[in-house]
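K.L.:
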Amino acid sequence: MDTPHSNVTTLNAPTAAEVAIPRMTTIRETAKTTGISEYAVRKLIKKNEVVYVKAGAKYLVNLDRFVDFLNGQN
């Protein structure tokens with residue numbers, strides 16, 4: 023006898039090793055790590071040229087994507 027959900031497939035969430043978690047850094051941390059000015063980072067954010075999220079009043083930049091951008095790898 024079939025149960026009501028006998029044909030449902032169980033899905034498992036990916037583990038941390040399977041998901042690349044982006045390194046999100048503040049404007050100040052991004053500038054310090056890359057050696058460019060905070061002003062330049064803000065300007066790139068304002069022009070939507072880099073990947074970022076706004077968390078409250080702070081802008082968090084995806085550091086790996088930012089470095090790729092600086093290296094010309096869009």
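With the first letter of the sequence shown counted as 1, position 36 gets the number 58 in our numbering; the numbers rise by one all the way through. Every residue gets a Cβ at the ideal spot worked out from N, C-alpha and C, and that includes glycine.
1. I'd like the span of the alpha helix (DSSP H) that includes Ala62, first residue to last.
2. Would Tyr74 be called buried (16 or more neighbouring beta carbons within 10 Å of its own) or exposed?
3. Reducing DSSP to helix, strand and coil, say where Thr37 ends up.
4. Throw me the rounded Cβ distance for the Thr37 and Leu85 pair, which I believe falls under 8 Å.
5. In its own chain, which residues sit with a C-beta less than 7 Å from the C-beta of Leu82, not counting the 5 before and 5 after it?
6. Quick check: Leu100 and Thr56, are their CB atoms within less than 8 Å of each other?
7. Taking the beta strand (DSSP E) that Val30 belongs to, which residues open and close that run?
P.N.:
The answer reads as follows:
1. Here residue 62 is taken as the residue at index 40 of the sequence shown, counted from 1. Glu60 to Lys68 is the extent of the alpha helix (DSSP H) around Ala62.
2. As a working mapping, residue 74 is identified with position 52 in the sequence shown. So Tyr74 counts as buried.
3. Here the question's residue 37 lines up with position 15 in the sequence shown. It is coil, neither helix nor strand.
4. Working through the sequence shown from its first residue, we reach residue 37 at position 15. Working through the sequence shown from its first residue, we reach residue 85 at position 63. Contact flag wrong, Cβ pair sits at about 23 Å.
5. Counted from its first residue, the sequence shown places residue 82 at position 60. Met46, Thr47, Thr48, Tyr74 and Val75.
6. Past the boundaries of the shown model lies residue 100; the chain is included only from 23 to 96, so the question cannot be answered.
7. Along the sequence shown, one-based indexing puts residue 30 at 8. From DSSP, Val30 is part of no beta strand (DSSP E); its letter is neither H nor E.
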